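What follows is a set of notes on a single structure, which appears directly below.
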DNA sequence: AACAGCGTATAATAAATATCATAAGAATTT
DNA sequence: AAATTCTTATGATATTTATTATACGCTGTT
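Protein chains in written order, with our numbering: chain A, 1 to 229; chain B, 230 to 458.
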């Protein structure tokens, strides 16, 4: 984890989160901002810890997860910049309900939650912008989990591959940012079955595998498996 | 579905949703309100239809569901008054993403969405109250689905029974508001397995069953199954 | 009254998934 | 460099869950 500096005026995310925040409010918010870098694998927020910051992602990729009593992790979702990530329960909870971990090198902008809250309580358009983002982010999570739930093992694996290919990397070839075990934690199946199914897709010439590098060679069939298989 | 009248001043939910809305705003919002009654089984909102209304529940119980391509339903969650129900995507989508159906006789207060939106955009405290409610409702859905996901058949059935007993009816004895098939649609298992598991619980003297009437006779064991079995 | 449709119920069998065991390569620690 | 741990991989077996079939009671319809 390292710190870097940036200018809020030139921030590419200003228009997304703060389009209705006026200049004098903006400087109040930005004065004590910190931009932090997290390397792949580093924890950004920890389940159970008090929420003191308002964070948004500027670059990278993270996973949201939660541990059960036995210490086994479940992955709730992944988020990239412009998604709303660590903010999900920021306004409705005193403590983080999920952990957020970088699965690629990630840059996060950290603001003071109380100051952001203060301005949201005074600036209705800002509050509505926040609500819009939170709603979209949570809707996406709910719909994605619902889609996974109605599929079987192969369909779930196909879903995950297409998710990274089409939604995250926008490329038929990509490096999986997570391990087979993490895929299992996401789709609710065992690691062995994830590995087996990927091997099966490889044998059926649907994908090529080189360690974490995946190439989707038959997207049509993969989509068919995701939708019906 | 029938219409009844009520007074917003005396509404028990005023303090929950509109505590920061001033009198003159309140009358603007309430002037064209409609209170509707839905009988058990009636549809309140339909997936895909345009969102024109801002609704909140005053009494009853509803299910949120979504149909897949084959017409098979998945139940996302249940909501009772003080939950936020049909509003989940009100501020982030033009169309309902889910259907809402009464599973008990239900009273809903219907306001004009544009008017509510207008006031939220002018009244930051009101906007923040709405955000708080939406966040809490969606958080609950995400966490509940996550809890179900990590359990097996028996644990899921136990979870559902405890959910209705402890969270909805606050009683060891209650009438299931949904069919075995709907339980299956909620937990992602087949109807037969739901029926079989309930029978098994009955044989093991954990519950008593009289049609839709359930009595939990060994809550400790049921909780144990929900947590570990 | 006869009938169809639906929810509940149970059993036998088939299919999907988990568990257990083993092993080899990669990454990390000593 | 050796040792340890983690990840990927595969097979055999056990367990869980789905499918298919059958039946019965209830409700509403003709």
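Think of the CB as a built atom: it goes at the ideal place given N, C-alpha and C, for glycine as much as any other residue. Computed from a predicted structure; not experimentally measured.
Margin query: Residues in the same chain with beta-carbon distance under 7 Å from residue 9 of chain A, minus the five sequence neighbours each way, listed in chain order, please.
Written below: Residue 9 of chain A sits at position 9 when you count from the first residue of the first chain. Closer than 7 Å at the Cβ level, and outside the excluded window around residue 9 of chain A, lies no residue.
Next item on the list: Kindly identify the DSSP beta-bridge partner or partners of residue 266 of chain B.
Entry: What you label residue 266 of chain B is simply residue 37 of the second chain in a count that begins at 1. B:231 and B:336.
Margin query: Against chain B, does residue 31 of chain A count as a neighbour if the rule is that its beta carbon must be under 8 Å from one of theirs?
Written below: Here residue 31 of chain A corresponds to residue number 31 of the first chain, with the count starting at 1. Taking Cβ atoms only, chain B never reaches closer than 8 Å to residue 31 of chain A, which makes this a no.
Check: Does the distance from the CB of residue 272 of chain B to the CB of residue 335 of chain B come in under 8 Å?
Finding: Counting from 1 along the second chain, the entry for residue 272 of chain B is found at position 43. Counting from 1 along the second chain, the entry for residue 335 of chain B is found at position 106. Contact: no.
Notebook entry, point to check: What does residue 112 of chain A touch in chain B if you count any residue whose Cβ is under 7 Å from its own?
Noted result: The residue you call residue 112 of chain A lines up with position 112 of the first chain. Here the premise fails: no neighbours, minimum Cβ distance about 17 Å.
Notebook entry, point to check: What are the boundary residues of the alpha helix (DSSP H) that includes residue 74 of chain A?
Noted result: Translated into positions along the first chain, residue 74 of chain A becomes position 74. From DSSP, residue 74 of chain A is part of no alpha helix (DSSP H) but of the beta strand (DSSP E) over 73-79.
Checklist line | Cα-Cα separation, residue 375 of chain B to residue 132 of chain A | finding: By one-based count along the second chain, residue 375 of chain B stands at place 146. By one-based count along the first chain, residue 132 of chain A stands at place 132. Their Cα atoms are separated by approximately 23 Å.
Next item on the list: Drop a sphere of 10 angstroms on the beta-carbon of residue 48 of chain A, count the other beta-carbons inside from all chains shown, and report buried for 16 or more, exposed for fewer.
Entry: Here residue 48 of chain A is taken as the residue at index 48 of the first chain, counted from 1. With fewer than 16 other Cβ atoms within 10 Å, it is exposed.
Check: What in chain A is Cβ-close to residue 379 of chain B, meaning under 9 Å?
Finding: Position 150 of the second chain, counted from the start, is the residue given in the question as residue 379 of chain B. In chain order: 68, 72, 74 and 188.
Next item on the list: Please name the residue, chosen from B:442, B:343, B:328 and B:382, that lies closest to residue 270 of chain B on a Cα-to-Cα basis.
Entry: Translated into the one-based positions of the second chain, residue 270 of chain B becomes position 41. Closest option to residue 270 of chain B, Cα to Cα, is B:328.
Notebook entry, point to check: Within 10 angstroms of its Cβ, does residue 215 of chain A collect 16 or more other Cβ (buried), or is it exposed?
Noted result: As a working mapping, residue 215 of chain A is identified with position 215 in the first chain. Classification for residue 215 of chain A: exposed.
Checklist line | CA-to-CA distance, residue 197 of chain A to residue 319 of chain B, given in whole angstroms | finding: Stepping through the second chain from its first residue, residue 319 of chain B is reached at position 90. Stepping through the first chain from its first residue, residue 197 of chain A is reached at position 197. So the alpha carbons of these two residues sit roughly 39 Å apart.
Notebook entry, point to check: residue 75 of chain A and residue 185 of chain A look like a contact to me (Cβ under 8 Å); what is the Cβ gap, rounded to whole Å?
Noted result: Working through the first chain from its first residue, we reach residue 75 of chain A at position 75. Working through the first chain from its first residue, we reach residue 185 of chain A at position 185. Their Cβ separation, rounded to whole angstroms, is 5 Å, which keeps residue 75 of chain A and residue 185 of chain A in contact under 8 Å.
Notebook entry, point to check: DSSP three-state call for residue 260 of chain B: helix, strand or coil?
Noted result: Looking up residue 260 of chain B in the second chain gives position 31. Residue state, collapsed to three classes: coil.
Notebook entry, point to check: Using a C-beta cutoff of 8 Å, does residue 139 of chain A count as contacting chain B?
Noted result: The count along the first chain starts at 1 and reaches residue 139 of chain A at position 139. Residue 139 of chain A counts as touching chain B.
Check: So which residues of chain B does residue 136 of chain A contact, with C-beta pairs closer than 7 Å?
Finding: For this step, residue 136 of chain A is matched to residue 136 along the first chain. Simply 321.
Notebook entry, point to check: Relative to the alpha-carbon of residue 382 of chain B, which residue among B:394, B:418, B:372 and B:370 has its alpha-carbon at the smallest distance?
Noted result: Here residue 382 of chain B is taken as the residue at index 153 of the second chain, counted from 1. It is B:418 whose Cα lies nearest to the Cα of residue 382 of chain B.
Next item on the list: Identify, in the order they occur along the chain, each residue of the same chain with its Cβ nearer than 6 Å to the Cβ of residue 202 of chain A, setting aside the five sequence neighbours on each side.
Entry: Taking the first residue of the first chain as position 1, residue 202 of chain A is located at position 202. Answer for residue 202 of chain A: 209, listed in chain order.
Check: Taking Cβ positions only, does residue 318 of chain B come closer than 8 Å to chain A?
Finding: Taking the first residue of the second chain as position 1, residue 318 of chain B is located at position 89. Closer than 8 Å: yes.
Next item on the list: Starting from the C-beta of residue 38 of chain A, find all residues in its chain whose C-beta is less than 6 Å away, skip the five residues before and the five after it, and write them out in chain order.
Entry: The sequence position of residue 38 of chain A within the first chain is 38, counting from 1. These residues qualify, in order along the chain: 1, 44, 102 and 106.
Margin query: Short of 8 Å in beta carbon distance, which residues of its chain neighbour residue 200 of chain A, apart from the five on each side in sequence? Order them along the chain.
Written below: Working through the first chain from its first residue, we reach residue 200 of chain A at position 200. Closer than 8 Å at Cβ, skipping near neighbours: 154.
Margin query: Helix, strand or coil for residue 242 of chain B? Go by DSSP, reduced to three states.
Written below: Residue numbering aside, residue 242 of chain B sits at position 13 when the second chain is read from its first letter. The answer is coil: DSSP assigns residue 242 of chain B none of H, G, I, E or B.
Next item on the list: At 7 Å on the CB atoms, spell out the chain A contacts of residue 351 of chain B, in chain order.
Entry: Translated into the one-based positions of the second chain, residue 351 of chain B becomes position 122. The contacting residues are 124.
Check: Starting from residue 418 of chain B and walking both ways along the alpha helix (DSSP H), at which residues does that stretch end?
Finding: Here residue 418 of chain B corresponds to residue number 189 of the second chain, with the count starting at 1. It is not in any alpha helix (DSSP H) - residue 418 of chain B carries neither H nor E in the DSSP assignment.
Note to self: Measuring straight from C-alpha to C-alpha, what distance separates residue 338 of chain B and residue 364 of chain B?
What the structure shows: By one-based count along the second chain, residue 338 of chain B stands at place 109. By one-based count along the second chain, residue 364 of chain B stands at place 135. Each residue's alpha carbon lies about 21 Å from the other.
Check: Can you name, in chain order, every residue of its own chain whose Cβ lies under 6 Å from the Cβ of residue 282 of chain B, other than the five neighbours on each side?
Finding: For the purposes of this step, residue 282 of chain B is identified with residue 53 of the second chain, where counting begins at 1. Counting only Cβ-Cβ distances below 6 Å, and skipping sequence neighbours, we find 339 and 342.
Check: Can you find a CB in chain A that lies within less than 8 Å of the CB of residue 488 of chain B?
Finding: Only positions 230 to 458 of chain B appear in this structure, which leaves residue 488 of chain B out of reach.
Item checked: Residue closest to residue 441 of chain B, alpha-carbon to alpha-carbon, out of B:457, B:408, B:450 and B:352 -> For the purposes of this step, residue 441 of chain B is taken as the residue at position 212 of the second chain. Nearest C-alpha to residue 441 of chain B: B:408.
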